[in-house]
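Chains E and V are the protein sequences, given in the same order.
Taking the UniProt record's numbering, the leading residue of the first sequence gets 1, the next gets one more, and so forth.
Taking the UniProt record's numbering, the leading residue of the second sequence gets 1, the next gets one more, and so forth.
Every residue, glycine too, gets a C-beta built ideally from N, C-alpha and C.
Quick caveat: nothing in here was measured; it's all calculated off a predicted structure.
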Amino acid sequence: MRADLELIYDWVPADARILDLGCGDGTLLAALAKHKNVTGYGLEIDPDGIAACLGKGVNVLEQDLDDGLDNFVDDACDLVVMTQALQALRRPDTMLDEMLRVAPECIIAFPNFAYWKHRLHLTFRGRMPVSRSLPHAWYDTPNIHLSTFQDFANLCRAKGITIVDQAVGSADHEGHWSSRWWPNLFGETAIFRVRRGR
Amino acid sequence: MTASFPSDSVGLVTPQTATFESPLALACGKTLERFELIYETYGELNAERSNAVLICHALSGHHHAAGYHDVEERKPGWWDAYIGPGKVIDTNRFFVVSLNNLGGCHGSTGPASLNPETGREWGPTFPVMTVADWVHSQARLADRLGIECFAAVVGGSLGGMQAMQWTIAYPERVANAAVIAATPRLSAQNIAFNEVARQAIRSDPDFHDGWYAEQEAIPKLGLKLARMIGHITYLSEHSMGSRFGRDLRSDQLNFGYDVEFQVESYLRHQGDTFSTRFDANTYLLMTKALDYFDPAGQHGGDLAAALAPVACPFLVVSFTTDWRFAPARSRELVTALLRAGKSVSYVNVDSPHGHDAFLLPNDQYEAVFGSFMQRIHDDIERRHSSTGEHR
Numbered sequence: 001m002r003a004d005l006e007l008i009y010d011w012v013p014a015d016a017r018i019l020d021l022g023c024g025d026g027t028l029l030a031a032l033a034k035h036k037n038v039t040g041y042g043l044e045i046d047p048d049g050i051a052a053c054l055g056k057g058v059n060v061l062e063q064d065l066d067d068g069l070d071n072f073v074d075d076a077c078d079l080v081v082m083t084q085a086l087q088a089l090r091r092p093d094t095m096l097d098e099m100l101r102v103a104p105e106c107i108i109a110f111p112n113f114a115y116w117k118h119r120l121h122l123t124f125r126g127r128m129p130v131s132r133s134l135p136h137a138w139y140d141t142p143n144i145h146l147s148t149f150q151d152f153a154n155l156c157r158a159k160g161i162t163i164v165d166q167a168v169g170s171a172d173h174e175g176h177w178s179s180r181w182w183p184n185l186f187g188e189t190a191i192f193r194v195r196r197g198r
Numbered sequence: 001m002t003a004s005f006p007s008d009s010v011g012l013v014t015p016q017t018a019t020f021e022s023p024l025a026l027a028c029g030k031t032l033e034r035f036e037l038i039y040e041t042y043g044e045l046n047a048e049r050s051n052a053v054l055i056c057h058a059l060s061g062h063h064h065a066a067g068y069h070d071v072e073e074r075k076p077g078w079w080d081a082y083i084g085p086g087k088v089i090d091t092n093r094f095f096v097v098s099l100n101n102l103g104g105c106h107g108s109t110g111p112a113s114l115n116p117e118t119g120r121e122w123g124p125t126f127p128v129m130t131v132a133d134w135v136h137s138q139a140r141l142a143d144r145l146g147i148e149c150f151a152a153v154v155g156g157s158l159g160g161m162q163a164m165q166w167t168i169a170y171p172e173r174v175a176n177a178a179v180i181a182a183t184p185r186l187s188a189q190n191i192a193f194n195e196v197a198r199q200a201i202r203s204d205p206d207f208h209d210g211w212y213a214e215q216e217a218i219p220k221l222g223l224k225l226a227r228m229i230g231h232i233t234y235l236s237e238h239s240m241g242s243r244f245g246r247d248l249r250s251d252q253l254n255f256g257y258d259v260e261f262q263v264e265s266y267l268r269h270q271g272d273t274f275s276t277r278f279d280a281n282t283y284l285l286m287t288k289a290l291d292y293f294d295p296a297g298q299h300g301g302d303l304a305a306a307l308a309p310v311a312c313p314f315l316v317v318s319f320t321t322d323w324r325f326a327p328a329r330s331r332e333l334v335t336a337l338l339r340a341g342k343s344v345s346y347v348n349v350d351s352p353h354g355h356d357a358f359l360l361p362n363d364q365y366e367a368v369f370g371s372f373m374q375r376i377h378d379d380i381e382r383r384h385s386s387t388g389e390h391r
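See below:
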């Protein structure tokens, strides 16, 4: 499993009802269902991802996140998970509100634009960073709302959302002292666990 | 001569008829004292009787879903693209049951059958069927075949409504449901199209209030019109446009009312063919069954409440250009299942073919539907190997 998914896997409590926004091939939901008795649904628009979910017995709905979560009632589940999708949304801030409407808690993982390699790329090459976590060119990237670890923390504060847990991940730096002390600089992927209200 | 069929065909198939002598109470208040169902099966029922898949047919469908009735048959069964060895509904894995519904005109008891009470053809007096009635009759057939629980109940369009109804009426007898290009209820526009089709049939002078058979007449014109109207709703504007455009049959305009545009010729041909092979009373009855279907109706319009008994995972599939039962109708069902806390997956397949897309080959459709059926097969296998360990 991808490093960020492994961390999220640990954070999800047993028996939870969850919603995985941008669930990909359903790896996380399938593992959670098998070992932690977690139930729920994945939302995905990639046809291959959807077929893979169906093959695993993961409930998957073809649904564009930009269309919102109107088909889910308030507190429809215990937890909403979203990995590597926030930065591709038209309005990440309203989606955050939507997520905390359908569940009291959510876990969000996204590429940290303030990662030191991105900073170097921009500073010395004078060009938009292209990296393992941001592989697209500026003109064809789906990532239209890039942000930093610090930006997201500030948004939560402004919205009165409680940050329960935060972490950064990457294949190289996970658990390294530097990413614990300067996550905004050394974290390639930012992971937040937030709760509705203060 | 040895029959040569494609290697992924179920090949030569022979329909069978099951006769039921105990009465079937119907939603309309009447009772069918005895009835017959014609059906076909493909593949083998396993020892545990756990691999049966029920195929429910649409408005003008029947029991002949796959394979060929004889070597001369030009076209295979209506869902041959999806049923066969190695296909989505893999007959090497599943025991597939496909029947003609009550009220049909392909061999099951219907308007053209004799009413034992009068010794006369049922004709227009054949009871109006509902989707729920069909499902009860299908359950009788399942009993007869020794199937306690279907691995899957599958259907497109009106067939999808039957699959839905199965999960409400017999939740313990359905392990999975696939509801394709269907709707939890018809819209006013859907009912309006059906009504025009019915009026076309009923106003044909050869209809004789439904007693046309006794008059040795066939309301061909009415049936033809009904089919032409129906056919328009099965295709998308795009598929009609790309197939026919404004193409003319001859090089010039004739300034008359004979067939000029290719699309006119096509529709007339579809209507003519249909009018000689389908029964008018059956057509009326099937459209009524469509109109009446509304499981939420008995729950104050609350579909989630109607779906409360559901105990199996759903696959709901719609098609982007289907305007007869548009994707939004499928999403209504999905949302209700979500509200009821049920297992559901939903896919809106990209296709230019409108409502008819559910019958046609399509890579994306085959991939998602195939993965769903594969998982059902895996579940059956897993269950058998785990019960094997306990022995």
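Terminal residues of the alpha helix (DSSP H) in which residue i lies
{"i": "cysteine 156/E", "result": "149 to 159"}
{"i": "threonine 27/E", "result": "27 to 36"}
{"i": "asparagine 190/V", "result": "188 to 202"}
{"i": "isoleucine 45/E", "result": "Here isoleucine 45/E belongs to no alpha helix (DSSP H), and DSSP marks it neither H nor E."}
{"i": "threonine 130/V", "result": "Element bounds for threonine 130/V: n/a, residue is neither H nor E."}
{"i": "serine 330/V", "result": "327 to 339"}
{"i": "glycine 43/V", "result": "Note, glycine 43/V: premise wrong, no alpha helix (DSSP H); not H, not E."}
{"i": "threonine 109/V", "result": "It is not in any alpha helix (DSSP H) - threonine 109/V carries neither H nor E in the DSSP assignment."}
{"i": "valine 102/E", "result": "92 to 102"}
In DSSP terms, what residue i is bridged to
{"i": "proline 111/E", "result": "Thr189/E"}
{"i": "threonine 19/V", "result": "Glu36/V"}
{"i": "arginine 17/E", "result": "Thr39/E"}
{"i": "leucine 248/V", "result": "Phe261/V"}
{"i": "glutamine 166/E", "result": "Phe192/E"}
Cutoff 8 Å: residue i Cβ touching any chain E Cβ
{"i": "alanine 328/V", "result": "no"}
{"i": "threonine 183/V", "result": "no"}
{"i": "alanine 367/V", "result": "yes"}
{"i": "threonine 335/V", "result": "yes"}
{"i": "phenylalanine 244/V", "result": "no"}
{"i": "arginine 375/V", "result": "yes"}
{"i": "phenylalanine 319/V", "result": "no"}
{"i": "serine 60/V", "result": "no"}
{"i": "phenylalanine 150/V", "result": "no"}
{"i": "serine 371/V", "result": "yes"}
Separation of residue j from residue i, as counted between CA atoms
{"i": "leucine 120/E", "j": "alanine 16/E", "result": "41 Å"}
{"i": "glutamate 117/V", "j": "leucine 360/V", "result": "43 Å"}
{"i": "leucine 221/V", "j": "alanine 200/V", "result": "8 Å"}
{"i": "tyrosine 346/V", "j": "valine 334/V", "result": "7 Å"}
{"i": "valine 164/E", "j": "isoleucine 107/E", "result": "10 Å"}
{"i": "serine 386/V", "j": "alanine 326/V", "result": "42 Å"}
{"i": "glycine 77/V", "j": "isoleucine 89/V", "result": "14 Å"}
{"i": "phenylalanine 186/E", "j": "aspartate 4/E", "result": "15 Å"}
{"i": "proline 23/V", "j": "valine 179/V", "result": "29 Å"}
{"i": "lysine 30/V", "j": "methionine 286/V", "result": "17 Å"}
{"i": "glutamate 6/E", "j": "serine 9/V", "result": "45 Å"}
{"i": "alanine 18/V", "j": "tyrosine 39/V", "result": "8 Å"}
{"i": "tryptophan 177/E", "j": "proline 183/E", "result": "Residue confidence for tryptophan 177/E is low, a pLDDT of 49 falling below 50, so the modelled location carries little weight and cannot support an answer."}
{"i": "leucine 141/V", "j": "glycine 103/V", "result": "15 Å"}
{"i": "alanine 190/E", "j": "alanine 51/E", "result": "28 Å"}
Contact check, residue i vs residue j, beta carbons under 8 Å
{"i": "phenylalanine 278/V", "j": "leucine 223/V", "result": "yes"}
{"i": "arginine 193/E", "j": "glutamate 105/E", "result": "yes"}
{"i": "glycine 155/V", "j": "cysteine 56/V", "result": "yes"}
{"i": "arginine 185/V", "j": "alanine 296/V", "result": "yes"}
{"i": "histidine 63/V", "j": "serine 98/V", "result": "yes"}
{"i": "valine 128/V", "j": "alanine 169/V", "result": "no"}
{"i": "alanine 33/E", "j": "threonine 39/E", "result": "yes"}
{"i": "valine 344/V", "j": "valine 317/V", "result": "no"}
{"i": "threonine 320/V", "j": "serine 371/V", "result": "no"}
{"i": "alanine 182/V", "j": "methionine 161/V", "result": "yes"}
{"i": "histidine 353/V", "j": "serine 275/V", "result": "no"}
Start and end residues, beta strand (DSSP E) containing residue i
{"i": "phenylalanine 319/V", "result": "314 to 319"}
{"i": "asparagine 348/V", "result": "344 to 349"}
{"i": "glutamate 148/V", "result": "Run containing glutamate 148/V: none; DSSP gives neither H nor E here."}
Cβ of residue i within 8 Å of any chain V Cβ
{"i": "asparagine 59/E", "result": "yes"}
{"i": "cysteine 26/E", "result": "The residue you asked about is not cysteine; residue 26/E is glycine in the sequence shown. It does not; no Cβ of chain V falls within 8 Å."}
{"i": "isoleucine 50/E", "result": "yes"}
{"i": "valine 73/E", "result": "yes"}
{"i": "proline 47/E", "result": "yes"}
{"i": "glycine 22/E", "result": "no"}
{"i": "leucine 122/E", "result": "no"}
Where the stretch 338 to 363 of chain V meets chain A: residues whose CB sits under 7 Å from a CB there = Structure shown: chain A not included; protein chains present are E and V.
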